[in-house]
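Position in the sequence shown (first residue = 1) + 5 = my numbering. Virtual Cβ for every residue (Gly too), placed ideally from N, Cα, C. Treat the numbers as computed from the prediction; the structure is a model and nothing was measured.
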Amino acid sequence: MYEKIRDFQLAILGVCIAIGAIFAALIATNNLSNNNIQVTGSAYEIVKSDSANWTLTITAKEPTRLQAYKTVQKQIPEVKKYLVSKGIQESQIELLLSNSYETYKTNPNTGYGTNIVDNYVYQQPIKISTTDVEKVKELSTAYQVLFEKGINVASSGDPQYHYSKLADLKVSLLEKATKDAKNRAKSMLKSNHNRVGKIRSAKMGVFQITPVDSNDVSDSGYNDLSSIEKKVTAVANVSFAIK
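Here it is, written out as structure tokens:
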């Protein structure tokens with residue numbers, strides 16, 4: 006009888022020791038995490054785009070495919086002449102892949118389309134690539150004067166402005182964002198008379214490239230191509246040891 010009680014007491018003691026060990030491990034882990042401080046730092050820089058792409062499309066609609074093609078071919082030199090007169094070099098003008106299709110007549114009684122060809126449409130995109138970003142911005146709002154020559158031309162979307170030194174800038178901004186994180190950590194620990202130690206871990210956040218006056222952000226990163234001047238923002242999530 007006494008042996009059974011003793012065995013039971015030993016079993017209970019073993020369970021208590023095991024539970025104590027688990028709690029000790031949890032406390033140790035918690036203390037270790039308390040010796041770290043996680044901070045998010047950021048840095049940004051305003052840059053000016055140094056190149057631009059813009060595409061115009063000439064469109065002609067004629068009774069035959071050949072007529073539509075010939076109309077566009079006559080107008081291409083006129084559009085090029087206009088662009089060159091505005092400061093675009095011929096080497097910066099490129100003809101892209103053309104496109105043609107048919108439009109069909111509508112049944113006036115039913116309002117539904119038919120299989121009868123009404124007209125043939127021919128389209129010729131013309132791409133401008135230049136480092137003169139201001140010139141592209143000016144042309145994108147002034148090309149409509151070509152309408153006066155009977156040329157049906159339209160912008161195929163907004164101009165796209167690029168910054169060629171973005172890769173180097175990202176490296177520089179990440180360094181600044183990490184320093185900003187360290188300064189923030191110092192400020193947070195100052196009141197407790199602690200100091201910032203070595204970096205335990207660091208994670209790069211996504212880059213946000215936005216218009217200067219925009220607050221747009223995206224979880225996958227924002228890449229603005231519509232603005233000549235852009236704000237490039239870097240974020241760094243850093244964990245420091247606490248001394």
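Contact under 8 Å by Cβ, serine 47 with aspartate 185: Their beta carbons are under 8 Å apart, which means serine 47 touches aspartate 185 by this criterion.
Short Cβ contact (8 Å threshold) for threonine 135 with valine 141: yes
Segments of 4+ residues assigned as alpha helix (DSSP H) that fall wholly inside the stretch 142-215: 171-195
Going by CA-CA distance only, name the one from Gln165, Val44 and Val243 that's closest to threonine 60. Comparing alpha carbon positions, the residue from Gln165, Val44 and Val243 closest to threonine 60 is Gln165.
Contact check, glycine 210 vs alanine 241, beta carbons under 8 Å: Yes. Within cutoff.
Smallest Cα separation from lysine 195: which of Lys248, Leu88 and Val122? That would be Lys248, whose Cα lies nearest to the Cα of lysine 195.
Give the straight-line distance between the Cα atoms of asparagine 104 and serine 160, rounded to the nearest whole angstrom. 16 Å
Span of the alpha helix (DSSP H) around valine 84: Per DSSP, the continuous alpha helix (DSSP H) segment holding valine 84 begins and ends at 70-90.
Inter-residue spacing [alpha-carbon to alpha-carbon] between leucine 230 and valine 52: 12 Å
Within the same chain, show all residues whose beta-carbon is closer than 7 Å to that of valine 122, passing over the 5 residues directly before and after it, in chain order. Glu107 and Tyr109
Between which residues of its own chain and threonine 34 is the CB-CB distance below 8 Å, once the five residues before and five after are set aside? Here the model assigns threonine 34 a pLDDT of 40, short of 50, so the residue's position is not dependable and the matter cannot be decided.
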